[in-house]
Structures are given as C-alpha cells and as structure tokens.
Amino acid sequence: MTTLDLSVPDELRLVLRGADEDAILTTLRRWPHWLRAEVGHDPDNAAQVLTVTLITDRDQEATLREILRRSFGMTFPPEGGDVAMLPAPPPKPQRRGLAVRRRP
C-alpha cells in the first residue's frame with residue numbers, strides 16, 4: 027500500500043512499503059525534487075528495509091500525483107491517504123514474424 031502523506035506542513039511524503047512498490051521507487055528515486063529520503067528498518071533485523079519515505083515540497087504535489095496516475099494508475103484522494111498499486115498487466119503475447127523465403 028502506497029501512502030501519500032500531507033500531514034506535515036509544507037512537505038509531501040510518499041511512503042512505499044514492500045517489494046511490490048519497488049517499481050515506484052525505481053521510477054521516482056532520481057526525480058530531482060526530493061528533499062530527502064527516510065528508510066525504515068525492521069527492528070528485529072536491521073538489514074531488512076520495511077519502508078522508504080520520499081519527501082518533497084508541497085508545491086510538487088500536482089506533478090507527483092500526475093506521475094503516479096500516469097505511470098502506475100494510482101489516484102489519491104485530495105487529502106492524501108493509501109492506495110494499493112494495481113497489479114502489473116499480463117505480458118503481451120509475442121508475435122512471431124513470418125518466415126521469408128529467399129530465392130536461391
């Protein structure tokens with residue numbers, strides 16, 4: 027479940043949890059508008075990452091919402107909140123090309 031958190035004044039937080047959201051992190055991690063990232067570790071296993079929170083200025087909200095909508099089909103309510111990532115579409119069947127016969 028991805029969270030768009032608007033509870034901190036002047037900040038917008040995108041909270042990613044679990045391996046299912048790695049695609050979002052891969053897409054957005056180099057976005058130049060992030061101010062910082064916070065990594066939440068499992069208290070019993072410090073090597074295990076539970077959450078990644080990406081933080082930007084509130085003025086980037088419209089752009090971030092549009093990226094999430096277009097790239098991942100995620101539409102958050104105006105007040106933010108949680109949205110589940112849509113399952114990846116099944117792979118398209120590959121079409122085999124027609125064999126071309128060459129004359130000897």
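Going by this note's numbering, the first residue of the sequence shown is number 27, and it counts up by one from there.
Even for Gly, the Cβ is constructed at its ideal location relative to N, Cα and C.
The structure presented is a predicted model; accordingly, all values stated were derived computationally and were not measured.
Using the DSSP secondary-structure output, state which residues sit across from residue i in a beta bridge.
{"i": "residue 47", "result": "In the DSSP output, where bridge partners are listed per residue, residue 47 has none listed."}
{"i": "residue 81", "result": "39, 62"}
{"i": "residue 107", "result": "30"}
{"i": "residue 70", "result": "Its beta-bridge partners do not exist; DSSP assigns none."}
Can you list, in chain order, the residues of its chain whose CB lies under 6 Å from that of residue i, leaving out five sequence neighbours each side?
{"i": "residue 99", "result": "112"}
{"i": "residue 60", "result": "80, 82"}
{"i": "residue 37", "result": "81"}
{"i": "residue 108", "result": "27, 29"}
{"i": "residue 64", "result": "79"}
{"i": "residue 87", "result": "38"}
Among residues of its own chain, excluding the 5 on either side of residue i, which ones have a beta-carbon nearer than 7 Å to its beta-carbon?
{"i": "residue 77", "result": "41, 42, 43, 66"}
{"i": "residue 150", "result": "Absent from the model: residue 150. The displayed extent of the chain is 27 to 130, so no value can be given."}
{"i": "residue 106", "result": "30, 31, 32"}
Can we count residue i as close to the ligand NAP, meaning its CB is less than 6 Å from some heavy atom?
{"i": "residue 107", "result": "For the ligand NAP, the structure offers nothing, since it holds no ligand at all."}
Which term fits residue i, buried or exposed, when burial requires 16 or more other beta carbons within 10 angstroms of its beta carbon?
{"i": "residue 47", "result": "buried"}
Nearest CA to the CA of residue i: which residue from the options?
{"i": "residue 97", "options": "104, 103, 89", "result": "89"}
{"i": "residue 62", "options": "103, 39, 69", "result": "39"}
{"i": "residue 75", "options": "45, 120, 49", "result": "45"}
{"i": "residue 34", "options": "69, 71, 84", "result": "84"}
- Say whether the segment 86-105 touches the segment 50-62, bearing in mind that this needs 3 or more beta-carbon pairs closer than 8 Å, one atom from each stretch. The segment 86-105 makes contact with the segment 50-62: 3 or more CB pairs, one atom from each, lie closer than 8 Å.
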